[in-house]
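Participant:
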Amino acid sequence: MNTAQKSLRDKPVARWSALIIVSITMFCGYFFTDVMSPLKPLLEKDLGWTSGDYGWFTSAYGWFNVFFFMLFIGGIILDKVGARITGLLASGIMVIGASLKYYAIANTFPEGATILGHSKQVALAALGFAIFGTGVEIMGITVSKIIVRWFKGYEMALAMGLQVAVARIGTLLAMAAPLRIVDYFHGNIAAPLAFCLVLLIIGFLSYFVYIVMDKKLEASMEKVEDGQESDSEEGFSFKDLKAVFANRGFWYIAILCVLFYSSVFPFLKYATDFFINKFGMAPERAGDLPGLLPLGTLFLTPIFGGIYDKVGKGATIMIIGSILLVLIHGLFAVEGLTNVTLAVILVLLLGVALSLVPSAMWPSVAKIIPEKQLGTAFSMIFWVQNWGLMGVPLLIGVVLEKFCITSAPGAEKVTYNYHIPMLIFMGFGVLSVVFAFLLKNADKKKGYGLELPNMKK
Ligand SMILES: N[C@@H](Cc1c[nH]cn1)C(=O)NCC(=O)O
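Using this note's numbering, read the sequence shown as starting at 1148 and increasing by one per residue.
1) So, helix, strand or coil for T1255, using DSSP?
2) Just tell me which of Y1250, F1529, G1222, P1325 has its CA closest to the CA of S1693.
3) Rounding to the nearest angstrom, what Cα-Cα distance links N1486 and A1323 in this structure?
4) Could you tell me if I1492 is buried or exposed, where buried requires 16 or more neighbouring beta carbons within 10 angstroms of its beta carbon?
5) Does the Cβ of G1483 have 16 or more other Cβ atoms within 10 Å, making it buried, or fewer, making it exposed?
6) Can you tell me whether DSSP reads K1386 as helix, strand or coil?
7) So for T1488, helix, strand or coil by DSSP?
8) To the nearest angstrom, report how far apart M1173 and I1316 are at their CA atoms.
9) Pairing CB atoms from the stretch 1155–1169 with CB atoms from the stretch 1523–1541, are three or more of them under 8 Å?
10) Y1659 bridges to which residues according to DSSP?
11) Measure the C-alpha to C-alpha separation of S1377 and A1589 and round it to an integer number of angstroms.
12) On the three-state DSSP scale, how would you describe H1476?
13) In terms of residue numbering, what span does the alpha helix (DSSP H) encompassing R1432 cover?
14) Looking at Y1455 and ligand 1, is the gap between the Cβ and the nearest heavy atom below 7 Å?
15) Which runs of the beta strand (DSSP E) at least 3 residues long sit entirely within the stretch 1323–1379? Give them in chain order.
16) Using 8 Å for Cβ pairs, my map puts F1582 next to Y1399. What's the rounded Cβ distance?
17) Where does the unbroken alpha helix (DSSP H) through W1163 begin, and where does it stop?
18) Going by DSSP, what residues sit across from S1291 in a beta bridge?
19) Kindly indicate which three-state DSSP category N1149 falls into: helix, strand or coil?
20) Give me whichever residues DSSP pairs with T1444 in a beta bridge.
21) Just list the residues that DSSP pairs S1266 with in beta bridges.
22) Tell me where the alpha helix (DSSP H) around I1217 begins and ends.
23) State the DSSP-derived secondary structure class of W1534, mapped to helix, strand or coil.
24) Kindly give me the distance between the Cβ atoms of I1278 and G1221, rounded to whole angstroms, as I take these residues to be in contact under 8 Å.
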């Protein structure tokens, strides 16, 4: 290809710059997604929330995605109007939702004021989180499409892996920073939200830089001969939806996805409280432990992805990751095992599981589903996944409140026995193993090639 035919995406500096910008927006999104998790004990102590309130609020992340089909709608909008407007809309929605959540936590409301059976504060915070959840999930699909646009034919898998890694630094910070920020601001529980809101606004503004780059990319692509480099991906169609629904391998991988993530991300929502209650950790340090989980995945996800690329064994990798989940949550569930070193080892192993399964799962989707149906398939997998991200935190909150309180009624500090919630997480692990085996079996029958390397020799 001569210089005259090159488009902007052929320049490494340009495509990596685009990746950095959109990764910043996703980093801020992941940070805000989990920023309240280490604050659960404080929400109960200072604001009078119950575990049921917390579970209900946390489940709000998936409300609109699940019930209003926002992931499909976001996918259709993305295909119709493109990544520039969709990304701007999505990051704007993130800022609006986060602002409402901040307003709810930063203010006090008249006692007895309730909405849908929850205090006005909990209800408004939940509504804010539901709006935010719509924005961040649509942003996730948009960023995937942006990466394909800039990196197709180049380092696409690496770029996707690095984007997830940067986003997960956001999760890490969300575990480690909030209690320190609260301390720094003399016990102000809304301070971490304000900090994160500022980051989201920076993420929103930085997206304008991406828009400028995208316009330049488009102009440069128009100049390329024969329109070879134009975006030739197909949009959403109901025919594709039917074809994806009829694919048994799709259902196995979608169900594995919801089961697997149901025992990881919802666990993170309760992890700080769990380590305080079961392992007797000091509240101000308890968030550091779950912070180790995303830390390990930063390095391991690309390594396991590389192994899948070169050696194959994708279905086996998903089976191993799922078995690890069962062992980890099973050991967490054992009463009397309260050694902090053991907790550290188990969290690190959970990081290994969270690297193994996604590194094999996402590339495997592309082996099961034809390329023209991939966009539809991804938005449907995220939709199925959101049922778990919505339902499981709610389930755990209700179970904690109904069956697990160990403190005397009216005690200043409510304490919990996490045995049943950990058994529930283990149950999801067991079901993940079953579906990982079903997937491997289907692969043998249908020849998806999940056990084969991704790279051609
Ligand atoms: N759809 C996201 C969900 C999520 C929850 N918290 C952060 N992200 C997702 O599946 N991300 C993939 C991942 O492995 O991080």
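Note that CB positions come from ideal geometry on N, CA and C, so glycine has one too.
Facilitator: Answer, in terms of the structure:
1) coil
2) There is no way to answer for residue 1693, as the model of the chain reaches only from 1148 to 1604.
3) 21 Å
4) exposed
5) exposed
6) helix
7) Reduced to three states, the DSSP call for T1488 is helix.
8) 10 Å
9) Pairwise C-beta distances place the stretch 1155–1169 out of contact with the stretch 1523–1541, as fewer than three of them are shorter than 8 Å.
10) As displayed, the chain neither begins before 1148 nor continues past 1604, which places residue 1659 out of reach and without an answer.
11) Residue placement at S1377 is poorly supported in this model, since its pLDDT is 48, which falls under 50; the coordinates are not used for a value here.
12) helix
13) Bounds of the alpha helix (DSSP H) holding R1432 are 1430–1433.
14) no
15) You should have found no qualifying run.
16) 6 Å
17) Note, W1163: alpha helix (DSSP H), 1159–1181.
18) Answer is none; S1291 lacks a bridge partner.
19) Note that N1149 scores 46 on pLDDT, short of 50, meaning its location in the model is unreliable; the coordinates nonetheless yield the value given after this. Note: N1149 maps to coil in three-state DSSP.
20) For T1444, which the question treats as bridged, DSSP gives no partner whatsoever.
21) T1261
22) Checking the sequence, you will find Met at residue 1217 rather than Ile. Run containing M1217: 1217–1228, per the alpha helix (DSSP H) assignment.
23) helix
24) Between G1221 and I1278 the Cβ distance is about 13 Å, and since that is not below 8 Å, they are no contact.
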